[in-house]
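K.L.:
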Amino acid sequence: MIEETASFIRAKVGETPEIAIILGSGLGNLADHMDVSCEIDYHDIPNFPVSTVEGHAGKLIFGKLGGKYVMAMKGRFHYYEGYGMKQVTFPVRVMQKLGVKTLFVSNAAGGMNKEFRVGDVMVITDHINLFPENPLRGKNYSELGTRFPAMTEAYKKYLVKYADEIAESCGLRLMHGVYVGTTGPTFETPAEYEYFRVIGGDAVGMSTVPEVIVANHAGIDVFGVSVITDLGGKDIDYVPTHEEVQQAAETAAPVMVKLITEMLKKL
Numbered sequence: 078m079i080e081e082t083a084s085f086i087r088a089k090v091g092e093t094p095e096i097a098i099i100l101g102s103g104l105g106n107l108a109d110h111m112d113v114s115c116e117i118d119y120h121d122i123p124n125f126p127v128s129t130v131e132g133h134a135g136k137l138i139f140g141k142l143g144g145k146y147v148m149a150m151k152g153r154f155h156y157y158e159g160y161g162m163k164q165v166t167f168p169v170r171v172m173q174k175l176g177v178k179t180l181f182v183s184n185a186a187g188g189m190n191k192e193f194r195v196g197d198v199m200v201i202t203d204h205i206n207l208f209p210e211n212p213l214r215g216k217n218y219s220e221l222g223t224r225f226p227a228m229t230e231a232y233k234k235y236l237v238k239y240a241d242e243i244a245e246s247c248g249l250r251l252m253h254g255v256y257v258g259t260t261g262p263t264f265e266t267p268a269e270y271e272y273f274r275v276i277g278g279d280a281v282g283m284s285t286v287p288e289v290i291v292a293n294h295a296g297i298d299v300f301g302v303s304v305i306t307d308l309g310g311k312d313i314d315y316v317p318t319h320e321e322v323q324q325a326a327e328t329a330a331p332v333m334v335k336l337i338t339e340m341l342k343k344l
């Protein structure tokens, strides 16, 4: 299936890029800054799932951004939509087959860190996987990666360093933190937010972790970033909605666009 899908995409676009970007909730407008050469709807791609979430467009986009040729997923797949982990991470496998070497992942997340504000951009330095299933469970295909991949540097330090240098030179407010991955689709209770904070989390969301696990298995370097779209904890009386999450993500979009565009120039 991976080979069939990769062959279909190659036939459509010809040259395939070594850089890919997964655009999360409300962050799809990064694609508006691309010099687009080709777009493919997910429902036209063999073996691809179709995103069912509002704010996730469902297109694979190829073009130039920051002077680099990239592919961007406008819309991703979530475990809470009912997909299995193999389906959620299938696009990353296709990226691997197409020769992607660096993956940028973005998401909307709830913040537990007391220093965070709604609209902050957090560079993911590590994650805690609280999904009930690992996408590598089952038979391991050695041509895709080793049976027991290390996750000691799931988010590459040299890419975090690039981000910090750009933030300093451009005057961007950039936070760092650990992302907690959960199934959703419910937002967290105050007690859950507090639990995630106590175990070492700074932000929590319903995506990204499975994709990052598979990317590391595939030998792809990962840079991750979260937009803090709501805050939670025992002292915070706040009820988030999906619409507010999208709005906060769109507010933070200029920082995201600047950061990722400048990082691409450094690669």
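One gets our numbering by counting positions in the sequence shown from 1 and adding 77 to each.
Glycine included, C-beta positions come from ideal geometry on N, C-alpha and C.
Treat the numbers as computed from the prediction; the structure is a model and nothing was measured.
Return the Cβ separation of methionine 199 and isoleucine 305 in integer angstroms, given the expectation that the two are a contact with Cβ distance under 8 Å.
P.N.:
Residue numbering aside, residue 199 sits at position 122 when the sequence shown is read from its first letter. Residue numbering aside, residue 305 sits at position 228 when the sequence shown is read from its first letter. Indeed they touch by this definition, with Cβ atoms about 6 Å apart.
K.L.:
Which value, in whole angstroms, describes the spacing of the CA atoms of lysine 343 and glutamate 242?
P.N.:
By one-based count along the sequence shown, residue 343 stands at place 266. By one-based count along the sequence shown, residue 242 stands at place 165. If you take the alpha carbons of lysine 343 and glutamate 242, they lie about 11 Å apart.
K.L.:
Please classify tyrosine 232 as buried or exposed, where buried requires at least 16 other C-beta atoms within 10 Å of its C-beta.
P.N.:
By 1-based counting over the sequence shown, the position of residue 232 is 155. Flag for tyrosine 232 reads buried.
K.L.:
Residues in the same chain with beta-carbon distance under 8 Å from methionine 252, minus the five sequence neighbours each way, listed in chain order, please.
P.N.:
Taking the sequence shown and counting its residues from 1, one reaches residue 252 at position 175. Once the five neighbours on either side are set aside, the close Cβ partners of methionine 252 are Asn190, Glu192, Phe193, Asp197, Val198, Met199, Val200, Asp279 and Ile305.
K.L.:
Looking at the structure shown, is isoleucine 290 part of a helix, part of a strand, or coil, going by DSSP?
P.N.:
The sequence position of residue 290 within the sequence shown is 213, counting from 1. Correct three-state label for isoleucine 290: helix.
K.L.:
If you compare alpha carbons, which of Ser84, Gly101 and Ala88 is closest to alanine 330?
P.N.:
In the sequence shown, counting from the first residue as 1, residue 330 sits at position 253. Among Ser84, Gly101 and Ala88, the Cα nearest to that of alanine 330 belongs to Gly101.
K.L.:
List the endpoints of the continuous beta strand (DSSP E) containing glutamate 116.
P.N.:
Position 39 of the sequence shown, counted from the first residue, corresponds to residue 116. Element bounds for glutamate 116: 112-118.
K.L.:
Are the Cβ atoms of leucine 137 and tyrosine 160 separated by less than 8 Å?
P.N.:
If you number the sequence shown from 1, residue 137 lands on position 60. If you number the sequence shown from 1, residue 160 lands on position 83. Contact flag unset, no.
K.L.:
Does the ligand GDP have a heavy atom nearer than 7 Å to the CB of valine 322?
P.N.:
Only the bare structure without any ligand can be found here, which leaves the ligand GDP out of the picture.
K.L.:
Bridge partners of serine 303, per DSSP?
P.N.:
Against the sequence shown, residue 303 aligns to sequence position 226. The partner list for serine 303 (beta bridge, DSSP) reads Asn184 and Met199.
K.L.:
Tell me, please, which residues DSSP counts as bridged to alanine 227.
P.N.:
For this step, residue 227 is matched to residue 150 along the sequence shown. DSSP output for alanine 227 lists no bridge partner at all.
K.L.:
Taking one C-beta from the segment 267-276 and one from the segment 287-305 each time, how about it: are there three or more such pairs within less than 8 Å?
P.N.:
They do not touch, by the three-pair rule.
K.L.:
Leaving out the 5 sequence neighbours to the left and right, which residues in its chain are closer than 8 Å to isoleucine 122 when beta-carbon positions are compared?
P.N.:
The count along the sequence shown starts at 1 and reaches residue 122 at position 45. For isoleucine 122, where only same-chain residues beyond five positions count, the Cβ hits under 8 Å are Thr82, Phe85, Ile86 and Leu137.
K.L.:
Looking only at its own chain, which residues have a Cβ that is under 6 Å from the Cβ of tyrosine 218, when we skip the five neighbours before and after it?
P.N.:
Looking up residue 218 in the sequence shown gives position 141. Cβ within range, chain order: n/a, list empty.
K.L.:
Under DSSP, the alpha helix (DSSP H) around tyrosine 272 begins and ends at which residues?
P.N.:
Here the question's residue 272 lines up with position 195 in the sequence shown. Element bounds for tyrosine 272: 267-275.
K.L.:
Just the C-alpha distance for lysine 335 and valine 147, rounded to the nearest angstrom, thanks.
P.N.:
For the purposes of this step, residue 335 is taken as the residue at position 258 of the sequence shown. For the purposes of this step, residue 147 is taken as the residue at position 70 of the sequence shown. Distance between the alpha carbons of lysine 335 and valine 147: 16 Å.
K.L.:
What separation, rounded to the nearest whole angstrom, lies between the Cα atoms of valine 182 and valine 289?
P.N.:
Stepping through the sequence shown from its first residue, residue 182 is reached at position 105. Stepping through the sequence shown from its first residue, residue 289 is reached at position 212. Straight-line Cα distance between these residues: approximately 8 Å.
K.L.:
Under 8 Å, do aspartate 112 and glycine 140 count as touching if we go by C-beta distance?
P.N.:
Position 35 of the sequence shown, counting from 1, holds the residue named residue 112. Position 63 of the sequence shown, counting from 1, holds the residue named residue 140. Contact: yes.
K.L.:
If I follow the unbroken alpha helix (DSSP H) through isoleucine 297, where does it start and stop?
P.N.:
The count along the sequence shown starts at 1 and reaches residue 297 at position 220. No alpha helix (DSSP H) contains isoleucine 297, which DSSP labels as neither H nor E.
K.L.:
I need the DSSP call for phenylalanine 139, collapsed to helix, strand or coil.
P.N.:
Walking along the sequence shown from the start, residue 139 turns up at place 62. Strand at phenylalanine 139.
K.L.:
For threonine 166, which residues of its own chain have a beta-carbon under 8 Å away from its beta-carbon, when the five flanking residues on both sides are left out?
P.N.:
Within the sequence shown, the letter at position 89 stands for residue 166. Pro212, Pro287, Glu288, Ile290 and Val291, listed in sequence order.
K.L.:
By DSSP's criteria, threonine 179 is part of a beta bridge. Which residues make up the other side?
P.N.:
Working through the sequence shown from its first residue, we reach residue 179 at position 102. Paired residues: Ile96 and Asp298.
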